[in-house]
Amino acid sequence: MNVIIGSDHGGFKLKAVVKEWLEAQGYQVTDVGTHSEESCDYPDIARLVAQPLAKGEYDRGIVICGTGIGISITANKVPGIRAALCGDTFSAKMSRMHNNANILAMGERVIGQGLALEILETWFATEFEAGGRHETRVAKIEGRA
81 MNVIIGSDHG
91 GFKLKAVVKE
101 WLEAQGYQVT
111 DVGTHSEESC
121 DYPDIARLVA
131 QPLAKGEYDR
141 GIVICGTGIG
151 ISITANKVPG
161 IRAALCGDTF
171 SAKMSRMHNN
181 ANILAMGERV
191 IGQGLALEIL
201 ETWFATEFEA
211 GGRHETRVAK
221 IEGRA
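Each residue of the sequence shown is one higher than the one before, counting from 81 in the numbering used here.
Dropping the structure here:
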């Protein structure tokens with residue numbers, strides 16, 4: 081699976097931990113930055129992740145900022161993106177099962193590394209419940225129904 085990942089300066093340290101976990105699991109990871117703790121703008125990073133994902137160049141994406149809020153809001157402005165801000169494993173599971181989220185957003189200043197890895201593992205292990213009411217609802221999110 082090809083994964084694209086990005087963070088602003090507020091998510092830089094957690095992104096390194098997440099990237100290491102992904103690579104250890106055998107995922108192909110593209111890191112679009114930021115590559116230091118120097119201040120940068122989260123909307124720029126969100127678009128660097130969301131736009132190629134929406135074009136089908138990657139299977140899933142991850143965005144991280146201080147809270148996960150701004151970067152997830154921006155990612156969701158890109159048509160075809162369903163970014164879910166998750167701070168617990170239940171939300172991560174439901175975002176995949178019911179919403180077919182294609183971007184996981186997290187906040188480094190909100191959750192610790194241990195919880196972030198549990199969320200990550202849950203999110204990648206959970207498949208979308210295709211068909212039925214969830215399929216219809218995702219189509220409505222995307223404006224297809």
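Built from N, CA and C at the ideal position, the CB exists for glycine as well.
Q) Can we say the region 181-190 touches the region 140-154, given the rule of at least three CB pairs closer than 8 Å? A) yes
Handout entry: beta-carbon His-178 near the ligand ADP non-hydrogen atom, thresh 6 Å
Key = In terms of ligand content, the structure shown is empty, and the ligand ADP therefore cannot be addressed.
Arg-162, DSSP secondary structure in three states
coil
Task: Buried versus exposed call for Phe-204 [16 or more other C-beta atoms within 10 Å across all chains shown] - done: buried
- Out of Gln-131, Ser-152, Val-158 and Arg-213, which has the shortest C-alpha to C-alpha gap to Cys-166? Ser-152
- Query: For Ala-181, which of Asp-168, Gly-192, Gly-212 and Gly-141 has the nearest alpha-carbon?
  - Reply: Gly-141
For Thr-154 and Gln-108, I'd like the C-alpha separation in whole angstroms.
24 Å
* To do: Give the secondary structure of Ser-171 by DSSP, where H, G and I count as helix, E and B as strand, and everything else as coil.
  => helix
Next item on the list: Starting from Gly-141, follow its DSSP beta bridges and name the residues at the other end.
Entry: Ile-84 and Ile-183
Original post:
Helix, strand or coil for Gln-105 per DSSP?
Top reply: coil
>> Which residue marks the beginning of the alpha helix (DSSP H) containing Glu-201, and which one marks its end?
In response: 193-205
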